[in-house]
Amino acid sequence: MNYSVLSNFTYGMYAVGVKDGNKVSAAIVTCVSQISGVKPCKIAINLNSDSYSCECIKKEKIFTLAVLSENTPGSVIGALGLVSGRNTDKLKNIRHKVLQEGVPVIKENTCCWTLCKVTDELTADDQTIFIAEIVAGSEKSVGTPMTYAYYRDVLGGSAPVDSPVYIKPNPSVDGFGGEAFICTICGYVYNDPNFGFEELPKNWVCPVCGATKTAFVRN
Ligand code: FE
703 MNYSVLSNFT
713 YGMYAVGVKD
723 GNKVSAAIVT
733 CVSQISGVKP
743 CKIAINLNSD
753 SYSCECIKKE
763 KIFTLAVLSE
773 NTPGSVIGAL
783 GLVSGRNTDK
793 LKNIRHKVLQ
803 EGVPVIKENT
813 CCWTLCKVTD
823 ELTADDQTIF
833 IAEIVAGSEK
843 SVGTPMTYAY
853 YRDVLGGSAP
863 VDSPVYIKPN
873 PSVDGFGGEA
883 FICTICGYVY
893 NDPNFGFEEL
903 PKNWVCPVCG
913 ATKTAFVRN
């Protein structure tokens with residue numbers, strides 16, 4: 703089987719807000735599904751078990767989920783995505799509000815949000831799946847939800863390597879011949895044969911996540 707056909711599965715783009723005591727953090731998740739319509743509705747999300755956000759949810763049993771819109775800046779996805787929140791304040795430059803329950807809600811052109819309390823969790827390989835009930839959330843939704851396909855095909859983004867939806871580029875298939883550079887934050891690949899990466903000005907930034915040239919490595 704060719705595992706790249708799995709990229710035809712549909713995924714969303716969500717910002718999950720977490721807390722660790724008095725500290726707040728967030729991450730981007732792609733795998734979210736509603737699993738029950740019985741009130742309170744239940745959803746399932748999964749995160750890499752080694753991630754700081756996963757650790758926070760395991761400990762605190764609470765998180766928020768904001769649906770990113772097509773207008774959410776790529777720089778927000780970059781800031782909340784691959785970088786670990788363990789030693790950095792991911793929310794420093796991200797618009798958010800902290801709920802009474804102590805968890806942050808990301809408000810960067812997001813469509814809507816929910817507050818979720820974990821009822822069950824299970825481990826599958828390197829991922830932890832959380833089942834949670836929705837206890838509060840938006841009264842209405844604004845904008846068009848961003849799908850993972852939109853992020854990948856329109857914005858040119860990619861999933862971090864520890865994401866369940868990450869697919870390693872194949873150099874022989876994708877035509878990368880050593881001239882391509884990949885953004886280590888968001889996975890964007892710069893591969894313009896007419897204008898080499900080294901020729902780009904020093905202040906050039908990743909068009910998807912806003913990372914500087916130093917975040918790029920030869921693919
Ligand atoms: Fe990037």
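The sequence shown begins at 703 in our numbering and counts up one residue at a time.
Yeah, the Cβ is synthetic: ideal placement off N, Cα and C, and Gly gets one too.
Inter-residue spacing [alpha-carbon to alpha-carbon] between residue i and residue j
{"i": "ILE887", "j": "GLY783", "result": "7 Å"}
{"i": "GLY898", "j": "TYR892", "result": "9 Å"}
{"i": "GLY912", "j": "LEU824", "result": "35 Å"}
{"i": "ASN921", "j": "CYS885", "result": "9 Å"}
Assigned secondary structure, residue i (DSSP; H/G/I helix, E/B strand, else coil)
{"i": "SER706", "result": "helix"}
{"i": "GLU900", "result": "helix"}
{"i": "GLU841", "result": "coil"}
{"i": "ILE969", "result": "One cannot answer for residue 969 here, as it falls past the ends of the chain, which runs 703 to 921."}
{"i": "CYS908", "result": "coil"}
{"i": "SER755", "result": "helix"}
{"i": "SER777", "result": "helix"}
Distance between beta carbons of residue j and residue i, contact taken as under 8 Å
{"i": "ALA861", "j": "TYR868", "result": "4 Å"}
{"i": "SER727", "j": "LYS792", "result": "5 Å"}
{"i": "ILE747", "j": "VAL731", "result": "6 Å"}
{"i": "CYS818", "j": "LEU767", "result": "6 Å"}
{"i": "GLY845", "j": "SER771", "result": "4 Å"}
{"i": "PRO903", "j": "TYR890", "result": "In fact, because the Cβ distance is near 17 Å, the residues do not count as touching under 8 Å."}
{"i": "THR821", "j": "ILE833", "result": "5 Å"}
Buried versus exposed, by CB contacts within 10 Å (16 or more), residue i
{"i": "ALA826", "result": "exposed"}
{"i": "THR914", "result": "exposed"}
{"i": "GLY895", "result": "In the sequence on display, residue 895 carries Pro and not Gly. By the 10 Å Cβ count, PRO895 comes out exposed."}
Beta carbon shell of the ligand FE at less than 5 Å from a heavy atom: CYS885, ILE887, CYS888, TYR890, CYS908, VAL910, CYS911, ALA913
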